[in-house]
Every structure is written in structure tokens, then in C-alpha cells.
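Going by the working numbering, the sequence shown opens with residue 332, and the numbers climb by one from there.
Even glycine gets a Cβ: it sits at the ideal position worked out from N, Cα and C.
Just so we're clear, the structure is a prediction, and the values are computed from it rather than from any experiment.
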Amino acid sequence: MSTDDRGSGDMSAASRALSAGRLVATAAPGRLILYAVPSLAAGAFPVAIAWSTKLIVDSLAAGATAGELLIPALTLVATGVATGATPTLTHYLRTELDRRVGLLAQDRLFMAVDRFAGLGRFESPDFLDRLRLAQQTVVAAPAANQAVDGVLGAARSVFTVVGFLGSLFIISPPTMVLVLLAALPILVAELLLSSRRAATDWNIGPAERRQFFYMGLLANVEAAKEIRLFGTGGFLRERMLANRRSADQARRAVDRREVQLRSGLGLLAAAVAGAGLLWTVGAARGGGLTPGDVTVFLASVAGVQTALTTLAGDVASTHHALLLFGHYQAVVSAGPELPMAAAPHPLPQLRRGIELRDVWFRYSPRHPWVLRGVDLWIPHGSSVALVGRNGSGKSTLVKLLCRFYDPTRGAILWDGVDIRDADIAALRRRISAVFQDYMEYDLTAVESIAQGDLGAIDEPERIREAARRAGVHDVLTALPDGYDTLLSRMFFTESDKADPATGVMLSGGQSQRLALARAFVRDKRDLMILDEPSAGLDAAAEHEIHKSLRTHREGRTSLLISHRLGAVRDADVIVGLSGGRIVESGSHSTLVASGGEYARLYALQAAGYRPGPPQHSAPYEPADPRTSPLKEAP
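(1) Pick out whichever of A898, A530, A801 has its Cα sitting closest to the Cα of V718.
(2) Give the DSSP bridge partners of S889, in chain order.
(3) How far does the beta strand (DSSP E) with G741 in it reach, from first residue to last?
(4) DSSP state of S577, grouped into three classes?
(5) Determine the contact status of W382 and V627, defining contact as a CB-CB distance below 8 Å.
(6) Can we say the segment 439 to 454 touches the segment 617 to 624, given the rule of at least three CB pairs closer than 8 Å?
(7) Would H658 and S526 be called neighbours here (beta carbons separated by less than 8 Å)?
(8) For L653 versus R347, is the C-beta distance shorter than 8 Å?
(9) Determine the direct distance from the alpha carbon of Q660 to that of S343, and round the result to whole angstroms.
(10) Does DSSP classify L961 as helix, strand or coil?
(11) Do A359 and L428 have their CB atoms nearer than 8 Å?
(12) Comparing alpha-carbon positions, which option in A801, G813, K855, T882 lies nearest S842?
(13) I need the DSSP call for A438, collapsed to helix, strand or coil.
(14) Span of the beta strand (DSSP E) holding W700?
(15) Check this for me: beta carbons of L371 and F490, under 8 Å apart or not?
(16) Please classify D789 as buried or exposed, where buried requires at least 16 other C-beta atoms within 10 Å of its C-beta.
(17) Say whether the segment 769 to 779 touches the segment 678 to 697, bearing in mind that this needs 3 or more beta-carbon pairs closer than 8 Å, one atom from each stretch.
(18) Consult DSSP for D706 and reduce its assignment to one of helix, strand or coil.
(19) Who are the near neighbours of P960 in its chain, counting only those whose CB is closer than 6 Å to its CB and skipping five residues on each side?
(20) Taking 8 Å as the limit between beta carbons, can you name the residues of its chain near V729, skipping five residues before and five after?
(21) Report the start-end ranges of each beta strand (DSSP E) in the segment 392 to 477 that is 3 residues or longer and not cut off at the edges.
(22) Just the C-alpha distance for A351 and A409, rounded to the nearest angstrom, thanks.
(23) Kindly indicate the opening and closing residues of the beta strand (DSSP E) around I788.
(24) With 16 other CB atoms within 10 Å as the buried threshold, where does I364 fall?
(25) Give me, in chain order, the residues of the same chain whose beta-carbon lies closer than 6 Å to that of A345; leave out the 5 immediate sequence neighbours on both sides.
(26) Which value, in whole angstroms, describes the spacing of the CA atoms of I535 and P505?
(27) Please report the distance separating the alpha-carbon of L967 from that of R353.
(28) Which ranges would you report for the alpha helix (DSSP H) in the segment 745 to 819 if only whole runs of at least 4 residues count?
(29) Just to confirm my understanding: we take L462, look at its own chain, exclude 5 residues before and 5 after, and list those with CB closer than 7 Å. What are they?
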């Protein structure tokens, strides 16, 4: 995680409280006022009830008339009604606050996530833990509301404490001091417990994330085939439970500490209350207190202890909510993980080509180099193919071209403009791509294709033309609702799933064609990247797709990656990568004539389609590393 990520999470409690208050006030200012007024007023109700009861008891003892009892009796009744009605009203208002604040907070959170231009944060375990905690703060009871609710609850408890302490001061100042001193340790203990619980939530994040990973595998339809065939369900379930036990053990330790502290402090509070009760009984027998005074005294001792305990709980819950809200703030206020030019250079329409100049890359200083001094020229209007074994750096090079990462060293130039100096959105608007790990969206067919260019969602012919070129049009038109059929079975109940019109799952090859359609609908872009576009297709479909791609690539700038060398033989330039370096480059005929590694592997793959003894291929490596343009790490 970057420094700015951690710094945002380390903001002061006061700053987090102000941010939480601003969020709630922005989301629902009227509801906040309506919620705050009865919440705060409820703090005075117990004191009013105690004094109304005292007046009634003393009046009865003095033989008061019914008229003299009317006002305190009405006050007691009104306060009791308000006490009974307030929780229902505040619960409704709090629920409405949760909905409105949760909606705004969720929007801001994922707006911030959408602003992350690169992929680095999504591959950082620390940041993923922070994002998970941030997501928890915007569902059900948003942390901002919990913080505001805690502040209001603390203020309500203060009103109650002040009222009862005043009552105790009138009756017995020493008892007031004793009750107050006995309750203060509870406040300190609750704060310590809150801090410990928040730290535990953070520390068990990796274990919980692994637990959710195993849960997802056990419930995932894609994984179900292998799990059942290989019989690995028990192994994965045990891994899931082991991580669950680890998280539970950490929480159990906090719970035990909480029980110990609260039990001890509860005994202290009970001892103080018992001592006060004995003193009150003695004073009343000696005539120093009226029956009403005894009533107020007993209510005050119990009320102060209860209110201070509640106050401690409110302060602790506010502290905990603010710690969680800090994770939300850290995500929302995180700066760009990729440096952005203050005054971006205009990115010209590609006319000359794209140059990778001495590009080195590794994902962190602790990781090995993935690319080592790559110099590559992609001329405008030409097709360049990258070939090489897994891990040679092909897909990483694609990530750099899309600026999901920046080179560790070197530069990528677009018609002479360093793409780091250009607007990143403008760069990506010039690129279309099919990635090897393409997405399968649980959307309708038309929506899934339109993800390539949302402007096409209201242009049915563009969608259909893209599907035709990808060879999936006939499949989509044959679906129950045609292009409007939902390509998912995950949003319906078991009874709905009996109706095929509720959703259809495409085959792997059909889904890959749909991904190609997304690239085709993103037409008229300066650069098309095709990363293993036909890896999941049968031979006939692969031939058809590559025929369509050849037509589409004609006169366009394209970068093609494939392990099947027959699919790249018609590229203008074929570049061989090994160990993050370019080891050979040229047209198909040139590379075959040179008799190098490409020629050897091409012959091996071609031999697989001819009768004769089986041939065994080898990893893509240069025949003689000493003759390759290798570079030492900087």
C-alpha cells in the first residue's frame, strides 16, 4: 500500500468525526435534525421521572389534595409516554438515516475505487483488507451513522448524568463524588476494549479474506467440476474452517478480556450502590431524608451508574466506528497511485507508431524483473505479434501499454509523446482489447457487448455487427429473448431456474466470442490488443475468428499475442520474448529462414498435424543466449 493510503487512515479522531458528520449532514440534513432532537431529549426523561415521583411521594406523605398532585402526576405520565414513544420514532429515523447515508457513502466509495487508474492497489493485500473494511462501513449500519449515533448517545448520557449528579449533590455531595469516581474506570476500560477490538478486526483481515476465498471456491460453479472430480472438497473446507478458527480465536481473546474487565467494574459499581443504599436507609430513619428524597437518591445512583456505563459504551462505539470510518476515508481520499501530469499533453491520433524504449519492469523491489530492457517499435497500420513461453512478459507488456502500470525504467512513446504525460482516459479511449482473462458479465447479451463502448447500447445495429464479426450473432438471436436474454443463472430462485427464459449460460467458446464482440464494437480505435483471442475455441472456430481478425486488422495498428504460432504467421512483425527480453524479431518467412527458435517451435507445432512419430516441444528459449540482445538489470 502506498504512503498516501496509510496516511489517510491515520487522520485524527476529530477529523474523522467531522468527516462522518459532514457525510451524514450531506446525505440527510432534515432527517438528522429530526433524529437528533428526540435522541437528546431522551437524556432528560429519567431525571424528570425521578423528580416527578419524588414530588408525588412527598405530597402523598404530606396529605396533599388531588389538585396538588395533578401537575406532578401529569408530568410523570407525559414523560412516561414520551419515554415509551421515543425509541420507536428514533428507530424509524435511524433506519432512514442508514438508508440515505449508506447510499451516498457507497456511491462515494466506489466512485473513488473507479478513479484508481492502475491495478496496483487491487493486487495489494493491505489495501484489499482496507477496502473490505471500508465496504463493511457502507452496508446495513454505515460507520458514519454509528459515529454520529454514538456522539448523540454520549450527549444524551451526559444530560442524564448531569441531572442525576445534580440531584445527588443536593442530597449528599460525598455520595455524588463516590459514584462519579467509581464510574470513571468503566469509561477508560471501554475505550481500551474498543481500540483492541478495532485492532483485532484489522489483524484478522488476511485470515478472513482467505476464509472467504475458500467459501467462494466451494460454492463456485466453475470450481465445482474439479472439486468433485478430484475430491478436494474436504481439503478446501478444512482450510476454510482453519482460517475461521484463527479469526474466532482472536475475537475470543478480546471477548474474554471484555468479560473480565466488565465483571470487575460491575462489582465495583454494585458495591458503591450498596453503600449508598445503606446510607440512605439510615438517613431516612433519622429523619434527614424524606421518602421522596430516598426515591430520588436511589434513582440517581442507579441512573448515574447506568448512564455512565451507557456513556462509556457510546464513546467506545463511537471510537470503534471512527476507526472503521478511517478505512473508508482512506479509500475515498486516496490519491492517484499512478502519477498524473498536471497539464497533460494532447495525445495525437496515431500516425507514426508506438515505441517501447529500454523498458524495464517489476511489480515491486522485492519481485524479479518481468521485462528487461525491451526496445520495441509498433509501426502505425501494422500488426505485431508477441510469442514466447508463459511468464516471458507478454501480458505485462500489454498492461504497460494500457498504462495499468508504469515502467520501472524506460518509456513508452505514442507518436513521440510519453504516455505518462498524456491524459490516461484519453489514452485508453484510443485502445481496444481482448484480454486472455476476459470477463463474463452477468448481464444481457446486448449489455455485455456494449461494455466495450457504452455509446452503442442504443445502437442495435452496431451491437449486431460486432456480434457477426465475432461469430456469435446466430447464437444470440437463437436465445429465448434474443440479445435481451440475461446471460446468467445466478439472480433467480430455484423455481425460476426451471424456465430457460430467466437466464442462459453460454459455453466457454461462446463467451470468448462475446468478448471479441466487445472489442469489435469498440471500433475505430488507434490500437487493438488481442491477447490469446482464440485460446478456448475449436479448430474451425479459431480459423473463422482469425480470418475475421485478419480482415479487421488490415491497415490497423494491432498487437497480437498467441501461443499458437500458426495464428500469428501473417503478422507484419513477429517478436520473440524470453525472460523479459526480445530474442528475435522479423516476419514469419524471415524467422523461419533464419532457423532460430521460432522456426524450431513452428516446425514442432506443424509436425503435430502431420503423420509420423510424436514431436515434443520445448520452452521458448533462444538457441544461444550469448547471441541475444540481453541487458543487465539496472
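Looking at the atomic coordinates:
(1) For the purposes of this step, residue 718 is identified with residue 387 of the sequence shown, where counting begins at 1. For V718, the closest of A898, A530, A801 by C-alpha to C-alpha distance is A898.
(2) On the sequence shown, residue 889 is found 558 positions in, with the first residue counted as 1. Answer by DSSP bridge pairing, in chain order: S714, M859.
(3) Taking the sequence shown and counting its residues from 1, one reaches residue 741 at position 410. Unbroken beta strand (DSSP E) run through G741: 740 to 745.
(4) On the sequence shown, residue 577 is found 246 positions in, with the first residue counted as 1. Residue state, collapsed to three classes: helix.
(5) Mapped onto the sequence shown, residue 382 falls at position 51. Mapped onto the sequence shown, residue 627 falls at position 296. Annotated as proximal: W382 and V627, with beta-carbon spacing under 8 Å.
(6) Under the three-pair Cβ rule at 8 Å, the segment 439 to 454 does not count as touching the segment 617 to 624.
(7) Counted from its first residue, the sequence shown places residue 658 at position 327. Counted from its first residue, the sequence shown places residue 526 at position 195. S526 sits away from H658, with the two beta carbons spaced by 8 Å or more.
(8) As a position in the sequence shown, residue 653 is number 322, starting the count at 1. As a position in the sequence shown, residue 347 is number 16, starting the count at 1. In this structure, L653 lies near R347, with their beta-carbon atoms less than 8 Å apart.
(9) Here residue 343 corresponds to residue number 12 of the sequence shown, with the count starting at 1. Here residue 660 corresponds to residue number 329 of the sequence shown, with the count starting at 1. Spanning the two alpha carbons is a distance of roughly 12 Å.
(10) As a working note, residue 961 is residue 630 in the sequence shown. Because the pLDDT at L961 is just 46, under 50, the model does not fix this residue reliably, and the value given afterwards should be weighed accordingly. Collapsing the DSSP output to three states places L961 in coil.
(11) Translated into positions along the sequence shown, residue 359 becomes position 28. Translated into positions along the sequence shown, residue 428 becomes position 97. Taking 8 Å as the Cβ cut-off, A359 and L428 qualify as a contacting pair.
(12) Mapped onto the sequence shown, residue 842 falls at position 511. Answer by Cα proximity: A801.
(13) Residue mapping note: residue 438 aligns to position 107 of the sequence shown, counting from 1. First, the residue type needs correcting, since residue 438 is Asp and not Ala in the sequence shown. Annotated three-state conformation of D438 is helix, per DSSP.
(14) For the purposes of this step, residue 700 is taken as the residue at position 369 of the sequence shown. For W700, no beta strand (DSSP E) run applies, since DSSP gives it neither H nor E.
(15) Along the sequence shown, read from residue 1 onward, the residue named residue 371 stands at position 40. Along the sequence shown, read from residue 1 onward, the residue named residue 490 stands at position 159. Yes, Cβ-Cβ distance for L371 and F490 is below 8 Å.
(16) To locate residue 789, count along the sequence shown from 1; it is residue 458. Its Cβ having fewer than 16 others within 10 Å, D789 is exposed.
(17) No contact exists between the segment 769 to 779 and the segment 678 to 697.
(18) Sequence index remark: in the sequence shown, residue 706 carries index 375 (1-based). DSSP places D706 in strand when its eight states are reduced to three.
(19) Here residue 960 refers to the residue found at position 629 of the sequence shown. Unreliable positioning characterises P960 in this predicted model, as indicated by a pLDDT of 44, which lies under 50. A coordinate reading is not provided.
(20) Within the sequence shown, numbered from 1, the residue matching residue 729 stands at position 398. In the same chain as V729, and ignoring 5 residues on each side of it, the C-beta atoms closer than 8 Å to its own belong to A764, F766, I860, D862, L890, I892, in chain order.
(21) None, since the segment 392 to 477 contains no complete beta strand (DSSP E) of that length.
(22) Position 20 of the sequence shown, counted from the first residue, corresponds to residue 351. Position 78 of the sequence shown, counted from the first residue, corresponds to residue 409. Each residue's Cα considered, the two are about 35 Å apart.
(23) Translated into the one-based positions of the sequence shown, residue 788 becomes position 457. Segment: none, I788 is in no beta strand (DSSP E) and carries neither H nor E.
(24) For the purposes of this step, residue 364 is identified with residue 33 of the sequence shown, where counting begins at 1. With fewer than 16 Cβ atoms within 10 Å of its Cβ, I364 is classed as exposed.
(25) By one-based count along the sequence shown, residue 345 stands at place 14. Residues of the same chain with their beta carbon placed closer than 6 Å to that of A345 are lacking, with the five preceding and five following residues left out of the count.
(26) To locate residue 535, count along the sequence shown from 1; it is residue 204. To locate residue 505, count along the sequence shown from 1; it is residue 174. The alpha-carbon atoms of I535 and P505 are separated by roughly 46 Å.
(27) Here the chain has residues from 332 to 965 only, and residue 967 is not among them.
(28) You should have 755 to 760, 776 to 781, 791 to 800, 804 to 808.
(29) Numbered from 1 along the sequence shown, position 131 holds the residue referred to as residue 462. Here the set comprises V662.
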